[in-house]
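A.B. asks: First residue of the sequence shown? That's 8 in the numbering used here, and the numbers climb one at a time after it.
Glycine included, C-beta positions come from ideal geometry on N, C-alpha and C.
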Amino acid sequence: MLTLPAIPPLDLQAAAAARARQDSLTKPPGSLGRLEGLAAQLAAMTGHVQPPVARKAVIVMAGDHGVTQAGVSAYPAAVTPQMVLNFIGGGAAINVLARQAGARVIVVDVGVAADFADHPGLVKRKVAPGTSNMLSGPAMSRAQAEAALQVGLDVVAGEIAQGLDVVATGDMGIGNTTPSSAIVAALTGAPVALVTGRGTGLDDAGLARKVAAVQQALETNRPDPHDALDVLAKVGGLEIAGLAGVMLGAAAQRIPVVIDGFISGAAALVAASLAPAVTNYLIAAHRSVEIGHRVLLAHLGLEPLFDLELRLGEGTGAALAFHLVEAAARIQREMATFAEAGVSTRVEADGHVAGL
Numbered sequence: 008m009l010t011l012p013a014i015p016p017l018d019l020q021a022a023a024a025a026r027a028r029q030d031s032l033t034k035p036p037g038s039l040g041r042l043e044g045l046a047a048q049l050a051a052m053t054g055h056v057q058p059p060v061a062r063k064a065v066i067v068m069a070g071d072h073g074v075t076q077a078g079v080s081a082y083p084a085a086v087t088p089q090m091v092l093n094f095i096g097g098g099a100a101i102n103v104l105a106r107q108a109g110a111r112v113i114v115v116d117v118g119v120a121a122d123f124a125d126h127p128g129l130v131k132r133k134v135a136p137g138t139s140n141m142l143s144g145p146a147m148s149r150a151q152a153e154a155a156l157q158v159g160l161d162v163v164a165g166e167i168a169q170g171l172d173v174v175a176t177g178d179m180g181i182g183n184t185t186p187s188s189a190i191v192a193a194l195t196g197a198p199v200a201l202v203t204g205r206g207t208g209l210d211d212a213g214l215a216r217k218v219a220a221v222q223q224a225l226e227t228n229r230p231d232p233h234d235a236l237d238v239l240a241k242v243g244g245l246e247i248a249g250l251a252g253v254m255l256g257a258a259a260q261r262i263p264v265v266i267d268g269f270i271s272g273a274a275a276l277v278a279a280s281l282a283p284a285v286t287n288y289l290i291a292a293h294r295s296v297e298i299g300h301r302v303l304l305a306h307l308g309l310e311p312l313f314d315l316e317l318r319l320g321e322g323t324g325a326a327l328a329f330h331l332v333e334a335a336a337r338i339q340r341e342m343a344t345f346a347e348a349g350v351s352t353r354v355e356a357d358g359h360v361a362g363l
């Protein structure tokens, strides 16, 4: 049986000390806006007033989905293994953006319907060769959902052992916006049509098929919204489960988690349903164009750092957010205080500059 790790409370003293330091830096209080709040957030997560963020990783979970048989994606399922090979070859968007951010990329086969040769850039932890078609029954068994969650816990534990300050979540799985929509509808109670978007670029007819498919999957399987593992097993995905495990494992070790878009967000909903304290360690990178992403972010109480109209996945938005996370931490660590710089903090009523 799966045992979830305990998640520690935020370090509020570190957060307060971080804010006090910000107020002593050579700038008007609050003038760096949300960067200041992000720095305090990082301090609360890590317990460090000057949080380290140098060692960064993007964990990309890959899995296939039986529901693609219903025509819910603009791309064939064969693209999933092709893109995994692209990832480990360093040629995908996530590889480019991770290199720019100075982050390593870990690609995990947790459920791809293809076999891969051994490769140093690929972690082979296949639970099953994809999920079953959730239109006719559960996507996977509860045991498989638990096993995929454990993969995420194990992978992030391995990365922490190698040295990790902040982790980002990414995904690869043709058709995975469909189970993500089903998860969001099940766990938030939102209508299917309000959480189901065009994914990789469906036309109107394709979108209608997708909405109908999500509705059918929910009616067929009747997932229990009070049991996240039941939802995950019945209408989820193996890579979604793996990402939820990454979030839970990282939070347990005070590692900030930068979540990407809609699929990572669905995984975050699952993780938060299993252990509500995990949300304290989540940083929402961006707001995706997927309509369900807005719903789940609001449900989790997360405000994204930016909105660039992204919809690729892979962890691309999270890799871009690494730059803001590092900026917030470096301001906290490297910027001089008024005292250190010999800069006045105020002008007296008589026009005299205090400290000069």
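Helix, strand or coil, according to DSSP, for A27 in the structure here?
C.D. replies: Here residue 27 corresponds to residue number 20 of the sequence shown, with the count starting at 1. Looking at A27 - three-state DSSP - the assignment turns out to be helix.
A.B. asks: Please report the straight-line C-alpha distance between A21 and T53, rounded to a whole angstrom.
C.D. replies: Taking the first residue of the sequence shown as position 1, residue 21 is located at position 14. Taking the first residue of the sequence shown as position 1, residue 53 is located at position 46. Rounded to the nearest angstrom, the two C-alpha atoms are 8 Å apart.
A.B. asks: I'd like to check one pair, G182 with D267: are the Cβ atoms closer than 9 Å?
C.D. replies: Position 260 of the sequence shown holds residue 267. Position 175 of the sequence shown holds residue 182. Going by C-beta atoms, D267 is not nearer than 9 Å to G182.
A.B. asks: Take E166 and list the residues in its own chain whose beta-carbon comes closer than 6 Å to its own, dropping the five residues that flank it on each side.
C.D. replies: Start at 1 with the first residue of the sequence shown, and residue 166 comes out as number 159. Answer for E166: A64, listed in chain order.
A.B. asks: Is I66 helix, strand or coil by DSSP?
C.D. replies: If you number the sequence shown from 1, residue 66 lands on position 59. Looking at I66 - three-state DSSP - the assignment turns out to be strand.
A.B. asks: Count the other CB atoms within 10 Å of the CB of E226; is the residue buried (16 or more) or exposed (fewer)?
C.D. replies: One-based indexing of the sequence shown puts residue 226 at position 219. When all chains shown are included, E226 counts as exposed.
A.B. asks: Leaving out five residues on either side along the sequence, give the residues of the same chain with a beta carbon under 7 Å from the beta carbon of L250.
C.D. replies: Counted from its first residue, the sequence shown places residue 250 at position 243. Contacts found: M68, G159, T176, D178, S271, A274.
A.B. asks: Taking the runs of the beta strand (DSSP E) that are 3 residues or longer, which of them lie wholly in the region 225-291?
C.D. replies: Whole beta strand (DSSP E) segments, 3+ residues: 264-266, 289-291.
A.B. asks: Of the residues E153, G144, I190, A193, which one's Cα is nearest the Cα of R228?
C.D. replies: Walking along the sequence shown from the start, residue 228 turns up at place 221. Looking at the sequence itself, residue 228 is Asn, so the reference to Arg does not match. Cα-wise, what sits closest to N228 is G144.
A.B. asks: Hey, quick one: how far does the beta strand (DSSP E) through M179 stretch, first residue to last?
C.D. replies: By one-based count along the sequence shown, residue 179 stands at place 172. Note, M179: beta strand (DSSP E), 173-179.
A.B. asks: Whole angstroms are fine: how far does the CA of R337 sit from the CA of D6?
C.D. replies: Because the chain is modelled from 8 through 363, residue 6 falls outside the range shown and cannot be assessed.
A.B. asks: For A292 and A328, which I take to be in contact (beta-carbon distance under 8 Å), what is that distance rounded to the nearest angstrom?
C.D. replies: Numbered from 1 along the sequence shown, position 285 holds the residue referred to as residue 292. Numbered from 1 along the sequence shown, position 321 holds the residue referred to as residue 328. The pair is a contact, with the Cβ atoms about 4 Å apart (cut-off 8 Å).
A.B. asks: Could you name the residues of the same chain whose beta carbon sits closer than 8 Å to that of V174, not counting the 5 residues immediately before and after it, in chain order?
C.D. replies: For the purposes of this step, residue 174 is identified with residue 167 of the sequence shown, where counting begins at 1. The answer, listed in chain order, is K63, A64, V65, I66, V163, E166, V253, A257, I262, P263, V264, V265.
A.B. asks: Check each candidate in V191, P283, P83 and name the one with the smallest Cα separation from I247.
C.D. replies: Along the sequence shown, one-based indexing puts residue 247 at 240. Of the listed residues, the one whose Cα sits closest to I247 is V191.
A.B. asks: According to DSSP, simplified to helix, strand and coil, what is G320?
C.D. replies: As a working note, residue 320 is residue 313 in the sequence shown. Coil.
A.B. asks: Could you check the C-alpha separation between M141 and S188 for me, to the nearest Å?
C.D. replies: Here residue 141 refers to the residue found at position 134 of the sequence shown. Here residue 188 refers to the residue found at position 181 of the sequence shown. Spanning the two alpha carbons is a distance of roughly 13 Å.
A.B. asks: Do T207 and R318 have their beta-carbon atoms positioned less than 9 Å apart in this structure?
C.D. replies: Here residue 318 is taken as the residue at index 311 of the sequence shown, counted from 1. Here residue 207 is taken as the residue at index 200 of the sequence shown, counted from 1. Yes, the pair counts as a contact, with Cβ atoms nearer than the cut-off.
A.B. asks: Under the three-state reduction of DSSP, which class applies to D4: helix, strand or coil?
C.D. replies: Examination of residue 4 is not possible in this model, given that the chain is present from 8 through 363 alone.
A.B. asks: Please confirm whether R26 and L312 have their CB atoms less than 9 Å apart.
C.D. replies: Along the sequence shown, read from residue 1 onward, the residue named residue 26 stands at position 19. Along the sequence shown, read from residue 1 onward, the residue named residue 312 stands at position 305. Contact flag unset, no.
A.B. asks: Helix, strand or coil for H126? Go by DSSP, reduced to three states.
C.D. replies: Here the question's residue 126 lines up with position 119 in the sequence shown. H126 falls in the coil class under three-state DSSP.
A.B. asks: Note down, in chain order, each residue of its chain lying with its Cβ closer than 8 Å to the Cβ of T87, except the 5 sequence neighbours on either side.
C.D. replies: Counting from 1 along the sequence shown, the entry for residue 87 is found at position 80. Excluding sequence neighbours, T87 sits near A69, G70, D71, V119, A120, A121, M179, G180, I181.
A.B. asks: Determine contact between the region 89-109 and the region 126-135, defined as no fewer than three beta-carbon pairs at a distance below 8 Å.
C.D. replies: In short, these stretches touch, since the Cβ pair count reaches three.
A.B. asks: Roughly how many angstroms lie between the CA atoms of A24 and A46, to the nearest whole one?
C.D. replies: Translated into the one-based positions of the sequence shown, residue 24 becomes position 17. Translated into the one-based positions of the sequence shown, residue 46 becomes position 39. Computed Cα separation, rounded: 11 Å.
A.B. asks: By Cβ distance, which residues of its chain are closer than 6 Å to D231, with the 5 residues on each side in sequence left out?
C.D. replies: As a working mapping, residue 231 is identified with position 224 in the sequence shown. The answer, listed in chain order, is D237.
A.B. asks: Whose C-alpha, out of G322, T33, A155, is nearest the C-alpha of M342?
C.D. replies: Here residue 342 refers to the residue found at position 335 of the sequence shown. Checking every option, the nearest Cα to that of M342 belongs to T33.
A.B. asks: Taking 9 Å as the threshold (C-beta atoms), are T75 and A61 in contact?
C.D. replies: Sequence index remark: in the sequence shown, residue 61 carries index 54 (1-based). Sequence index remark: in the sequence shown, residue 75 carries index 68 (1-based). It is not a contact, given that the beta carbons lie outside the stated cut-off.
A.B. asks: Helix, strand or coil: which one does DSSP assign to K34?
C.D. replies: As a position in the sequence shown, residue 34 is number 27, starting the count at 1. Coil.
A.B. asks: Which value, in whole angstroms, describes the spacing of the CA atoms of R301 and S351?
C.D. replies: Residue 301 sits at position 294 when you count from the first residue of the sequence shown. Residue 351 sits at position 344 when you count from the first residue of the sequence shown. Taking the straight line joining both Cα atoms gives about 44 Å.
A.B. asks: Roughly how many angstroms separate the alpha carbons of G37 and F123, rounded to a whole number?
C.D. replies: On the sequence shown, residue 37 is found 30 positions in, with the first residue counted as 1. On the sequence shown, residue 123 is found 116 positions in, with the first residue counted as 1. When rounded, the distance between both Cα atoms is 51 Å.
A.B. asks: Looking at the secondary structure, which residues open and close the alpha helix (DSSP H) in which R106 lies?
C.D. replies: To locate residue 106, count along the sequence shown from 1; it is residue 99. 100-108 is the span of the alpha helix (DSSP H), which, as asked, contains R106.
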